[in-house]
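Sequence positions in the sequence shown follow the working numbering and run 1 to 184. No residue lacks a Cβ here, since even glycine has one placed at the ideal position from N, Cα and C.
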Amino acid sequence: MKITTKKIATIGMLCALAYVAMALIHVKLIPAAPFLTYDPKDVIIAIGGFLYGPLCGVIMSLVVSFLEMITISESGIIGFVMQVIATCAFMIPSAVFYKHNRTKKSASIGLAIGTGCMVVIMVLWNYILTPVYMGTQRSDVAAMLVPVIIPFNLIKGVLNSILTILIYKPIVKALRKMGMVQER
């Protein structure tokens with residue numbers, strides 16, 4: 001990826017938009033797990049990944065999750081790590097798949113693959129890190145995997161996918177009008 005001032009500015013704007021989306025929108029999807037909240041920042045990060053590739057999405061994830069950790073998050077470094085892992089598990093496969101065939105169908109398939117990857121990867125990482133975060137036994141977390149962790153990540157991935165498909169074109173169109181993104 002060739003780095004230009006326009007790309008840096010666009011990535012910065014997308015990071016700011018992702019941060020604002022995360023700060024303003026928090027939805028508790030599963031009452032049994034109030035520590036698991038949905039926010040739409042991954043949608044904006046996925047759009048960054050679609051525009052500039054998965055490495056850009058990883059950088060955006062690190063920046064936005066770090067800003068979240070030092071400003072409004074109550075989960076500290078463990079929350080930061082979990083956010084980055086979840087976002088990257090969703091965004092990287094989506095962006096890689098979309099990069100090779102830039103169509104709506106390809107984006108949809110990539111987002112579905114990203115959702116599946118996020119669900120599987122977050123089962124593992126919740127099993128590893130949630131006991132540390134919650135100060136509980138691993139067996140307690142294992143009991144939450146099927147009724148809580150898997151449904152939460154599946155719902156999150158589906159919401160992120162639908163929102164990404166819905167707002168990708170309008171955001172790209174606006175960025176093109178501002179001269180921030182070139183026509184492909």
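Asked                                                                                      : Found
Three-way DSSP call (helix, strand, coil) for K2 in this model                             : coil
Proximity winner among A16, Q182, V132 and V119, relative to G157 (alpha-carbon distances) : V119
Neighbour-count burial assignment, G179, 16 or more Cβ in a 10 Å radius                    : exposed
Supposed contact pair A33 and V148 - C-beta distance, whole angstroms, cut 8 Å             : 5 Å
Spatial distance of I85 from I8 (CA atoms)                                                 : 23 Å
Given 8 Å, three or more beta-carbon pairs between the stretch 63-81 and the stretch 11-23 : yes
I121 and S94 closer than 8 Å at C-beta                                                     : no
Pair within 8 Å by beta-carbon distance, P89 and Y98                                       : Note on identity: in this sequence residue 89 is Ala, with Pro being the wrong assignment. Not a contact, by the Cβ cut-off of 8 Å.
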